[in-house]
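Comments concern the structure below.
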Amino acid sequence: MKHSDPAMMTANELLVRYRDGSLSPLEATEAALARIRRYDEMLNGFCLVDEEAALDAAEASTTRWRHGRPEGRLDGVPTTVKDIILTTGWPTLRGSKTVDPAGPWADDAPTVARLKSHGAVLIGKTTTPEFGWKGVTDSPLTGVTRNPWDATRTTGGSSGGAAAAAAAGMGALHIGTDGGGSIRIPASFTGVFGFKQTFGRVPAWPLSPFGTIAHVGPMARSVADCALMLTVMAEPDPRDPYALPYDGQDFGSDLHHGLSGLRVAYLPTLCGVPVDAEVAAAVRAAAGTFESLGARVEQPEPDLPDLLSVFQTLWYAGAARLLAGIPDEKHPMMDPGLRKAAAAGARLSAVDYLTATARREDLTARLNRLHQTYDLLILPTMPLVAFGAGQDSPRPEERPAEWAGDLESWCDWTPFTWPFNLTGQPAMSLPCGYNRAALPIGLQIVGPRYADTLVLRAAAAFESAHPPRWPDLA
Numbered sequence: 198m199k200h201s202d203p204a205m206m207t208a209n210e211l212l213v214r215y216r217d218g219s220l221s222p223l224e225a226t227e228a229a230l231a232r233i234r235r236y237d238e239m240l241n242g243f244c245l246v247d248e249e250a251a252l253d254a255a256e257a258s259t260t261r262w263r264h265g266r267p268e269g270r271l272d273g274v275p276t277t278v279k280d281i282i283l284t285t286g287w288p289t290l291r292g293s294k295t296v297d298p299a300g301p302w303a304d305d306a307p308t309v310a311r312l313k314s315h316g317a318v319l320i321g322k323t324t325t326p327e328f329g330w331k332g333v334t335d336s337p338l339t340g341v342t343r344n345p346w347d348a349t350r351t352t353g354g355s356s357g358g359a360a361a362a363a364a365a366g367m368g369a370l371h372i373g374t375d376g377g378g379s380i381r382i383p384a385s386f387t388g389v390f391g392f393k394q395t396f397g398r399v400p401a402w403p404l405s406p407f408g409t410i411a412h413v414g415p416m417a418r419s420v421a422d423c424a425l426m427l428t429v430m431a432e433p434d435p436r437d438p439y440a441l442p443y444d445g446q447d448f449g450s451d452l453h454h455g456l457s458g459l460r461v462a463y464l465p466t467l468c469g470v471p472v473d474a475e476v477a478a479a480v481r482a483a484a485g486t487f488e489s490l491g492a493r494v495e496q497p498e499p500d501l502p503d504l505l506s507v508f509q510t511l512w513y514a515g516a517a518r519l520l521a522g523i524p525d526e527k528h529p530m531m532d533p534g535l536r537k538a539a540a541a542g543a544r545l546s547a548v549d550y551l552t553a554t555a556r557r558e559d560l561t562a563r564l565n566r567l568h569q570t571y572d573l574l575i576l577p578t579m580p581l582v583a584f585g586a587g588q589d590s591p592r593p594e595e596r597p598a599e600w601a602g603d604l605e606s607w608c609d610w611t612p613f614t615w616p617f618n619l620t621g622q623p624a625m626s627l628p629c630g631y632n633r634a635a636l637p638i639g640l641q642i643v644g645p646r647y648a649d650t651l652v653l654r655a656a657a658a659f660e661s662a663h664p665p666r667w668p669d670l671a
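As numbered in the working numbering, residues 198 to 671 make up the sequence shown, in order.
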């Protein structure tokens, strides 16, 4: 869908307009900043906006385009950085009162360095829960981030500020992180596109305290924009010891090859977890779309164990490691839920951690075998739609009726995202429908490790058949 408002144009649309001279990076950046000024007081998607630096960068980009000498793949595209990611000259407070704003802030993380080298215009930093620890976005430092579709609802998290910014037209490209669904949860709740690529595809530094389940990835308003952003983000950086060898892939080169002949496993759920009826219907219809586009869709029943305790062991151990690096006297300033998770992690032994790692390896092997039969898996991103803002979990009336009892942590209501952090597979959330309250529903497409282009290709085919729509903020 073509947009007349520069703030709602995709990065690829902006670049076409820059190239033909019908729009300048300065105009696009001014449009994004105007949306921030108008709507972010309501949404709270940003913890830092640097208008002066953004306008200076946009003016320099405009000059380069005017002289026919653009710098890299993203020259002049308004872009945001999640406040987990280091950015030279900007405080990276990670949603925490324990971090000293004085810095020094002298380093760019690999993704920021790559985006800058390709001319992206950085406009600000987006909100996160404290240290990105949970599946909604509120923190002691920045308060509650709200959903552009309904400001009484959560964006999800932990990349909730990035998701709100993307849905509201406050920048075209957005850096997110995903340690258990933190890109895909908010993408599902806000109806944007979010991609957790194969682990190691995008270099990271400093490495996450949550270890090898944590990813950095793109969030945007189209599949093509995610592919463009990933092509840049995947460029090499020597600071990441786990980064995959750089192969120079253009992740947008395969987007138009369609679904014909692909073998697709449609999974209505995992491990029997109940799914909201409207979510289930939208994902079932999406499976029908895959079939109509030429894929061979089947509904297997894979033998997958319940691995919640495995993920929680790894996650809580990471939380304990995180708090061990913060002076004890600062702990009372922190999110009580994070402190509780860290306390649980501190009680774990090395044997507990290694046992969880072994079970993680078994899950990876099982899914590798499943992908010998199926090229892709499709399933709900989330078993429910966005619930009330300012809550760590949905209330009983906001979740499937079959969910009895208390939800002890955010991991309990995100059962379809964190398994693919354990396996390191590429997984993308994209909008596949809306419920009766006009809240977005997310479809998750999962591929085997290293098949990032295949996931993007399938997502692009579905997007062409079902273009997204955007919230009416007015």
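Every residue, glycine too, gets a C-beta built ideally from N, C-alpha and C. Since this is a predicted model, take the numbers as computed values, not measurements.
Taking 8 Å as the cut-off, the beta carbon of G542 is found closer than this to the beta carbon of A514.
With respect to the 8 Å criterion, F584 and E599 are not classified as neighbours on the basis of their beta carbons. For V318, the pairing in a beta bridge is given by DSSP as P275.
Collapsing the DSSP output to three states places P524 in coil. Here G587 is exposed: its Cβ has fewer than 16 other Cβ atoms, across all protein chains shown, within 10 Å. Looking at the backbone, the Cα of F396 and that of L220 are separated by about 37 Å. Around the beta-carbon of R350, 16 or more other beta-carbon atoms lie within 10 Å, marking it buried. By the neighbour-count criterion, in which a residue is buried when 16 or more other Cβ atoms sit within 10 angstroms of its Cβ, G265 is exposed.
Judged by their CB atoms, T611 and I380 are not nearer to each other than the 8 Å cut-off. Rounded to whole angstroms, the Cβ separation of S314 and G273 is 14 Å, and the two are not in contact under 8 Å.
Distances from the CA of L653 to each of M625, S661, S336 and R666 were compared; the closest alpha carbon is that of M625. A direct Cα-Cα distance of roughly 44 Å separates W607 from T259.
Assigned with DSSP and collapsed to three states, C468 falls in coil, not helix or strand. The beta-bridge partner set that DSSP reports for A417 consists of L370 and F390. The three-state secondary structure of G445, taken from DSSP, is coil. DSSP places E238 in the uninterrupted alpha helix (DSSP H) bounded by P222 to L240.
Here the C-alpha atom of L564 lies approximately 16 Å from the C-alpha atom of L505.
With 16 or more other Cβ atoms inside 10 Å of its own Cβ, H568 counts as buried.
Apart from the 5 residues on each side of it in sequence, A539 sits with its Cβ closer than 6 Å to the Cβ of A516, A517 and L520 in its chain, given in chain order. Non-local beta-carbon contacts of D304 in its own chain, meaning distances under 8 Å to residues more than five positions away in sequence, involve L283 and T285 in chain order. Under the three-state reduction of DSSP, I282 is assigned to coil, being neither helix nor strand. In this structure the stretch 522-529 does not touch the stretch 491-501; the number of beta carbon pairs closer than 8 Å is below three.
Considered as a whole, the stretch 242-269 harbours 243-246 as its complete beta strand (DSSP E) runs of no fewer than 3 residues, in chain order. At the C-beta level, L560 and L619 come within 8 Å of one another.
In the DSSP assignment, the residues bridged to N344 are D347. Secondary structure of I642 (DSSP, three-state): strand.
Distances from the alpha-carbon of M426 to those of P337, E249 and T207 put T207 closest. If you draw a 10 Å sphere on the C-beta of P298, you find fewer than 16 other C-beta atoms in it, and that means exposed. Counting along the chain, P577 sits inside the beta strand (DSSP E) bounded by residues L573 to P577. Where A462 is concerned, there is no enclosing alpha helix (DSSP H), although the beta strand (DSSP E) around it starts and stops at R460 to Y463. DSSP, read as helix, strand or coil, puts V333 in coil.
Within its own chain, the residues whose Cβ lies closer than 6 Å to the Cβ of I372, once the five positions on either side in sequence are excluded, are V278, K279, I282 and T308, listed in chain order. Measuring C-alpha to C-alpha distances from G368 to each of E224, K393 and R460 identifies E224 as the nearest. Nearest to A250 by C-alpha distance, out of M239, G300 and V318, is V318. Burial is judged here by how many other beta carbons sit within 10 angstroms of a residue's own beta carbon; L404 has fewer than 16 and is exposed. In this structure, S336 keeps its C-beta atom at 8 Å or more from the C-beta atom of P345.
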